[in-house]
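Chemist:
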Amino acid sequence: MERVLTGITGFDEMLTGGLPESRISLLCGGPGSGKTIFSLQYIMSAIDRGEPCVYVSLEESFKDKVENAYEFSWDIPKAIEDNLMGVLDICMIPQSKGYVEPFERTRGKLELGIVKEIEDLADSIKAKHIVIDPLTSIVIHEVRSGRKRYLIGQIFDSIRRKKCSGVITSEGLPSRNDFYMEQFLADGVIFLEKRITDFKLVKTLRVDKMRGISFDEQPRRYLITNRGFSVFNKEPVIT
Ligand SMILES: Nc1ncnc2c1ncn2[C@@H]1O[C@H](COP(=O)(O)OP(=O)(O)O)[C@@H](O)[C@H]1O
Ligand SMILES: [Mg+2]
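For what it's worth, my numbering labels the leading residue of the sequence shown as 57, then goes sequentially.
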């Protein structure tokens with residue numbers, strides 16, 4: 057299996073050489089766990105190798121993400137200018153009745169519209185990677201689980217059709233009551249977890265599944281600094 061280096065210190069080692077190429081990896085975590093930073097670091101690493109990336113930005117303002125990225129010395133405007141990064145900035149605004157609509161978009165078939173736009177953008181820059189941050193915003197309005205699964209399937213299929221490697225973020229962690237179907241549909245699942253033990257915060261990354269490769273199954277501590285996201289892949293988590 058061909059691999060894709062994520063550029064995240066310690067994490068590529070956990071995966072014995074990176075994520076499987078042309079597969080879909082889901083990164084799940086709560087608010088502030090580092091999903092956006094992780095996904096942008098993945099993109100910047102691919103761009104350093106000259107591999108174009110599509111970035112579908114939801115929920116947070118893309119402008120803020122660009123500004124925050126400078127903290128890590130990631131120049132997103134330059135990547136866009138160099139045609140190495142294609143951005144689909146979809147600002148979802150919550151409406152009443154738990155319904156979510158894309159900002160300034162009134163087309164009837166919201167979900168199919170997004171899939172087509174992702175594909176067109178991927179074609180225009182000859183993308184090798186597609187990152188969606190977060191997937192949750194696209195599917196949250198769909199209450200019928202069958203439709204939700206269909207919608208997630210459509211998005212994942214389009215990434216596979218384009219033969220791209222996908223990194224998709226997802227909000228929240230599995231709980232006993234919820235059925236997280238994106239985790240079943242993805243080829244790989246990574247969890248970012250936070251736990252308080254003895255009044256100390258312990259942040260860990262754990263690879264839950266990764267079809268087709270062998271990997272380190274143990275949770276490992278991770279750290280975010282102005283050099284980005286890194287994983288202590290050798291040290292055991294001592295709490
Ligand atoms: N320059 C920085 N130095 C250290 N930690 C930072 C820096 N910028 C952000 N962080 C950490 O990253 C977190 C936000 O990461 P982010 O990727 O936006 O999370 P998510 O997308 O999962 O909500 C912050 O809560 C903070 O702990
Ligand atoms: Mg985020």
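Ideal Cβ positions, reconstructed from N, Cα and C, are used throughout, including at glycine.
#1: Throw me the rounded Cβ distance for the Ile-93 and Gly-268 pair, which I believe falls under 8 Å.
#2: Going by the beta-carbon positions, is the gap between Ile-196 and Ile-186 smaller than 8 Å?
#3: Under 7 Å from any heavy atom of ligand 2, does the C-beta of Asp-189 make it?
#4: For Lys-121, I'd like the list of residues in its chain whose CB is within less than 8 Å of its CB, leaving aside the five on either flank, ordered along the chain.
#5: Output yes or no for whether 8 Å exceeds the beta carbon distance between Val-171 and Ser-214.
#6: With H, G and I counted as helix, E and B as strand and the rest as coil, what does DSSP make of Val-199?
#7: Ignoring anything shorter than 3 residues, give me the beta strand (DSSP E) runs that lie fully in the region 247-276, in order along the chain.
#8: For Arg-105, does the three-state DSSP call read helix, strand or coil?
#9: Check whether the Cβ atoms of Val-293 and Phe-67 sit closer than 8 Å, and answer yes or no.
#10: Taking DSSP's pairing of strands, which residues face Pro-76 in a bridge?
#11: Using a Cβ-based criterion (distance less than 7 Å to any ligand heavy atom), does Asn-139 qualify as near ligand 1?
#12: Is the distance from the Cβ of Cys-109 to the Cβ of Leu-61 below 8 Å?
#13: Exposed or buried, Leu-257, counting other C-beta atoms within 10 Å across all chains shown (16 or more means buried)?
#14: For a minimum of 4 consecutive residues, which ranges assigned as the alpha helix (DSSP H) are wholly contained in the region 199-226?
#15: Run through DSSP, which three-state label would Leu-144 get?
#16: I need the straight-line Cα distance from Trp-130 to Met-100, nearest angstrom please.
#17: Can you tell me whether Met-57 is buried or exposed? The criterion is at least 16 other CB atoms within 10 Å of its CB, across all chains shown.
#18: For Gly-86, name the three-state secondary structure that DSSP assigns.
#19: Using CA coordinates, which residue listed in Ile-280, Met-266, Asn-289 and Arg-277 is at the minimum distance from Pro-76?
#20: Based on the DSSP secondary-structure assignment, which residues constitute the bridge partners of Glu-180?
#21: Could you give the DSSP three-state label for Asn-233: helix, strand or coil?
#22: If I measure Cβ to Cβ from Leu-71 and keep anything under 6 Å in the same chain, skipping five residues before and after, which residues do I get?
#23: Where does Ser-117 fall in DSSP's three states?
#24: If you check the beta carbons only, do Leu-82 and Gln-239 fall under 8 Å apart?
#25: At a cut-off of 7 Å, is Thr-92 close to ligand 2 when judged by its beta-carbon and the heavy atoms of the ligand?
Modeler: On the basis of the coordinates in this document:
#1: On the sequence shown, residue 93 is found 37 positions in, with the first residue counted as 1. On the sequence shown, residue 268 is found 212 positions in, with the first residue counted as 1. The beta-carbon separation of Ile-93 and Gly-268, rounded to 26 Å, does not stay under the 8 Å limit for a contact.
#2: Mapped onto the sequence shown, residue 196 falls at position 140. Mapped onto the sequence shown, residue 186 falls at position 130. Cβ distance not < 8 Å, so Ile-196 and Ile-186 don't count as in contact.
#3: Numbered from its first residue, the sequence shown carries residue 189 at position 133. It does: the Cβ of Asp-189 is within 7 Å (strictly closer) of some heavy atom of ligand 2.
#4: One-based indexing of the sequence shown puts residue 121 at position 65. Within its own chain, the residues whose Cβ lies closer than 8 Å to the Cβ of Lys-121, once the five positions on either side in sequence are excluded, are Thr-92, Leu-96, Ser-113 and Ile-132, listed in chain order.
#5: Counting from one through the sequence shown, the residue named residue 171 turns up at place 115. Counting from one through the sequence shown, the residue named residue 214 turns up at place 158. Contact flag set, yes.
#6: Taking the first residue of the sequence shown as 1, we reach residue 199 at position 143. Three-state result, Val-199: coil.
#7: 256-266
#8: As a position in the sequence shown, residue 105 is number 49, starting the count at 1. Three-state DSSP puts Arg-105 in coil, outside helix and strand.
#9: As a first step, residue 293 must be located in the sequence shown, where it is residue number 237. As a first step, residue 67 must be located in the sequence shown, where it is residue number 11. Not in contact: Val-293 and Phe-67 (Cβ atoms no closer than 8 Å).
#10: Translated into positions along the sequence shown, residue 76 becomes position 20. Answer by DSSP bridge pairing, in chain order: Arg-59.
#11: For the purposes of this step, residue 139 is identified with residue 83 of the sequence shown, where counting begins at 1. Checking the Cβ of Asn-139 against ligand 1 gives no.
#12: The residue you call residue 109 lines up with position 53 of the sequence shown. The residue you call residue 61 lines up with position 5 of the sequence shown. With a cutoff of 8 Å on beta-carbon distance, Cys-109 and Leu-61 are scored as not near each other.
#13: If you number the sequence shown from 1, residue 257 lands on position 201. Exposed, because fewer than 16 other Cβ atoms sit within 10 Å of the Cβ of Leu-257.
#14: 201-217
#15: On the sequence shown, residue 144 is found 88 positions in, with the first residue counted as 1. Strand, per DSSP.
#16: For the purposes of this step, residue 130 is identified with residue 74 of the sequence shown, where counting begins at 1. For the purposes of this step, residue 100 is identified with residue 44 of the sequence shown, where counting begins at 1. When rounded, the distance between both Cα atoms is 7 Å.
#17: As a first step, residue 57 must be located in the sequence shown, where it is residue number 1. Looking at its Cβ environment, which holds fewer than 16 other Cβ atoms inside 10 Å, Met-57 is exposed.
#18: Here residue 86 refers to the residue found at position 30 when the sequence shown is read from its first residue. Gly-86: coil per DSSP, three-state reduction.
#19: In the sequence shown, the residue the question calls residue 76 occupies position 20. For Pro-76, the nearest C-alpha among the options comes from Met-266.
#20: By 1-based counting over the sequence shown, the position of residue 180 is 124. According to the sequence provided, residue 180 is Ser. The question's Glu does not apply to it. Answer is none; Ser-180 lacks a bridge partner.
#21: Numbered from 1 along the sequence shown, position 177 holds the residue referred to as residue 233. Annotation note: pLDDT 45 at Asn-233 (below 50); position unreliable, no value reported.
#22: By one-based count along the sequence shown, residue 71 stands at place 15. Here the set comprises Phe-271.
#23: Within the sequence shown, residue 117 is the residue found at index 61, counting from 1. Residue state, collapsed to three classes: coil.
#24: On the sequence shown, residue 82 is found 26 positions in, with the first residue counted as 1. On the sequence shown, residue 239 is found 183 positions in, with the first residue counted as 1. Yes, Cβ-Cβ distance for Leu-82 and Gln-239 is below 8 Å.
#25: Sequence index remark: in the sequence shown, residue 92 carries index 36 (1-based). Flag set: Cβ of Thr-92 near ligand 2.
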